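In this note's numbering, the protein residues as written are 3 to 88. All C-beta atoms, glycine included, are put in the ideal place defined by N, C-alpha and C. Since this is a predicted model, take the numbers as computed values, not measurements. Below is one structure, written out as structure tokens, with a few remarks after it.
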Amino acid sequence: MYVVMVYDLEADRTHKALKLGRRYLTHVQNSVLEGEISEGDLATLRNEVEDLLKPGESTIIYELSSDTLLNRSVYGDDPTDEKRFL
Numbered sequence: 003m004y005v006v007m008v009y010d011l012e013a014d015r016t017h018k019a020l021k022l023g024r025r026y027l028t029h030v031q032n033s034v035l036e037g038e039i040s041e042g043d044l045a046t047l048r049n050e051v052e053d054l055l056k057p058g059e060s061t062i063i064y065e066l067s068s069d070t071l072l073n074r075s076v077y078g079d080d081p082t083d084e085k086r087f088l
């Protein structure tokens with residue numbers, strides 16, 4: 003499944019969400035990661051996100067059950083292209 007993860011943490015803690023998210027997804031913009039993920043890894047990611055958050059912080063995970071439902075347009079350089087060629 004394809005997911006988009008958006009996080010809003012205190013400025014001095016954003017690196018923690020980024021480090022966590024990069025284990026499963028591709029960092030595409032400030033506070034935004036996306037990519038293919040298995041259901042098992044998604045469940046693990048959800049649990050780790052819940053453990054990470056402090057009061058007043060949030061993370062949103064958008065799940066797309068089919069890539070046919072996704073219309074992704076990128077203007078400028080696409081950060082996901084670099085990962086595909088490594």
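Quiz item: Assuming T8 and E65 make a contact with CB atoms under 8 Å, what is their CB distance in whole Å?
Solution: The sequence as given places Val at residue 8; Thr does not occur at that position. Rounded to the nearest angstrom, the Cβ distance from V8 to E65 is 13 Å, too far for a contact under 8 Å.
Quiz item: In this structure, does DSSP put V30 in helix, strand or coil?
Solution: In the structure shown, V30 sits in a strand (DSSP, three-state: E or B).
Quiz item: What are the boundary residues of the alpha helix (DSSP H) that includes L22?
Solution: Taken as a continuous stretch (DSSP letters only), the alpha helix (DSSP H) holding L22 covers T16 to R24.
Quiz item: Taking the DSSP output, what are the residues bridged to I62?
Solution: Here I62 is bridged, per DSSP, to V8.
Self-check item: Neighbourhood of D10 by C-beta, 8 Å cutoff - its chain only, sequence neighbours within 5 removed
Solution: By the criterion of a C-beta distance shorter than 8 Å, D10 is surrounded in its chain by S33, E59, S60 and T61, once the five residues flanking it on both sides are discounted.
Quiz prompt | Opposing strand residues paired with G78 [DSSP bridges] | solution = Its beta-bridge partners do not exist; DSSP assigns none.
Quiz item: Is the distance from the Cβ of T28 to the Cβ of L35 below 8 Å?
Solution: Cβ atoms of T28 and L35: closer than 8 Å.
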